[in-house]
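K.L.:
Encoded as structure tokens, here's the structure I'll be asking about.
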Amino acid sequence: MSVLLLFIDGVGLGDDAAYNPWAALPTPSLNDLLSGKSLTKAAVGRHGDGVLLLETDARLGVDGLPQSATGQATIFTGRNAPKFLERHMSGLPFKRLRQFVREDNLYLQLEREGFRPAFANSYTEEYFQRKATRRGWKSVSTVAIESATAPVRMTKELLEGKAVFHDLTRRHLQTFRPDIPEITPEQAARHILHLLAEYDVVVQEFFMSDVAGHKQTPGLMEWVVETYDRFLGCVVKEKRASDTVILVSDHGNSEDMRVKTHTMNPVPTLVVGPVPPVSEVDLSAWNLTDIVPFIHRILRNGTSGEIDI
Numbered sequence: 001m002s003v004l005l006l007f008i009d010g011v012g013l014g015d016d017a018a019y020n021p022w023a024a025l026p027t028p029s030l031n032d033l034l035s036g037k038s039l040t041k042a043a044v045g046r047h048g049d050g051v052l053l054l055e056t057d058a059r060l061g062v063d064g065l066p067q068s069a070t071g072q073a074t075i076f077t078g079r080n081a082p083k084f085l086e087r088h089m090s091g092l093p094f095k096r097l098r099q100f101v102r103e104d105n106l107y108l109q110l111e112r113e114g115f116r117p118a119f120a121n122s123y124t125e126e127y128f129q130r131k132a133t134r135r136g137w138k139s140v141s142t143v144a145i146e147s148a149t150a151p152v153r154m155t156k157e158l159l160e161g162k163a164v165f166h167d168l169t170r171r172h173l174q175t176f177r178p179d180i181p182e183i184t185p186e187q188a189a190r191h192i193l194h195l196l197a198e199y200d201v202v203v204q205e206f207f208m209s210d211v212a213g214h215k216q217t218p219g220l221m222e223w224v225v226e227t228y229d230r231f232l233g234c235v236v237k238e239k240r241a242s243d244t245v246i247l248v249s250d251h252g253n254s255e256d257m258r259v260k261t262h263t264m265n266p267v268p269t270l271v272v273g274p275v276p277p278v279s280e281v282d283l284s285a286w287n288l289t290d291i292v293p294f295i296h297r298i299l300r301n302g303t304s305g306e307i308d309i
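Residue numbers (full-length UniProt numbering): 1 to 309.
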């Protein structure tokens, strides 16, 4: 059994309304998982024996709109990054937050315990040649994987089917690497699943959802929702029964097209796989610091089916 952590940027649990693309646009895969409901607040709860949607607090006791750098740092470390900084931080992490991530994160914790983690996203050679990158301006996910012994995947691994591009289909990659063929969301899902057969934990980061939420371009948002729904549907359909998929976001944004900013909405933690009983107290208290400990508990106890959230 393995765990697939799907981090999707900028998706909150919003209303079932026309201004919420995750409710207004077709999402057949999510609907199948959520008893016919869309990815909204109304769908929170258990759906059969193998699906659980948790309302997840992204504010973490700190005033202001939840932001990317601190939300992602919390997801990747299991520690309250906004509380550490005493504020929410947007965009890429500054030096102090980079050190916060670098000193202890999911990859390092898993390696210490003898597990094999992998970050599925591939990087281009051009990315590491940029002046900003060389000066240290990197995403939380990049800082985290570079701190570990797990490999950083590049274009070579992408072409071998041993990595995926951040947008899954390589659509954006083709704008500057037209020689690299685009693939379907289903092909991307199968590349991820091949990795999941080799590693204990695989992480994938998709941030076009946040980009689309900020740009508010209908065509881009439609592409994001369709692409991700197809990808997720294939992952769930073709994964091993013993594998657990955890989907989580860092803050709200794309679920409310009335505003270009982030939102105060809670975010989803969608768990698909062996799901334990969850009390009402657990449901009301769940937040971004719970993701990393949850992964550890699944790995320690998942084979016996005795996971205590």
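Every residue, glycine too, gets a C-beta built ideally from N, C-alpha and C.
Roughly how many angstroms lie between the CA atoms of Asn301 and Leu288, to the nearest whole one?
P.N.:
21 Å
K.L.:
What is the rounded straight-line gap between the Cα of Asn253 and the Cα of Asp179?
P.N.:
33 Å
K.L.:
So which of Ser209, Arg297, Pro218, Lys237 has the shortest CA-CA distance to Tyr228?
P.N.:
Ser209
K.L.:
Report yes if the C-beta distance between Asn80 and Leu108 is below 8 Å; otherwise report no.
P.N.:
Taking 8 Å as the Cβ cut-off, Asn80 and Leu108 do not qualify as a contacting pair.
K.L.:
Might you give, ordered along the chain, the residues of its own chain that have their beta carbon closer than 6 Å to the beta carbon of Leu270, omitting 5 neighbours on each side?
P.N.:
For Leu270, same chain residues with a beta-carbon under 6 Å away, outside a window of 5 residues either side, are Leu53, Leu247 in chain order.
K.L.:
Using 8 Å as the cut-off, can you tell me whether the stretch 198 to 206 makes contact with the stretch 109 to 129, which would need three or more C-beta pairs spanning the two stretches below that distance?
P.N.:
yes
K.L.:
With H, G and I counted as helix, E and B as strand and the rest as coil, what does DSSP make of Thr289?
P.N.:
helix
K.L.:
Could you check if His194 is buried or exposed, using at least 16 other CB atoms within 10 Å of its CB as the buried criterion?
P.N.:
exposed
K.L.:
Distance, Cα to Cα, Ile145 vs Gly12?
P.N.:
25 Å
K.L.:
Do Thr106 and Ala69 have their C-beta atoms within less than 8 Å of each other?
P.N.:
Reading off the sequence, residue 106 comes out as Leu, not Thr. With contacts defined by Cβ atoms closer than 8 Å, Leu106 and Ala69 do not form a contacting pair.
K.L.:
Which value, in whole angstroms, describes the spacing of the CA atoms of Glu238 and Ser38?
P.N.:
21 Å
K.L.:
Taking the DSSP output, what are the residues bridged to Leu5?
P.N.:
Val203, Ile246
K.L.:
So, for Lys41: in the same chain, excluding its five sequence neighbours on each side, which residues have a beta-carbon less than 6 Å away from its beta-carbon?
P.N.:
Leu13
K.L.:
Quick one: is Ala18 buried, meaning 16 or more other Cβ sit within 10 Å of its Cβ, or exposed?
P.N.:
exposed
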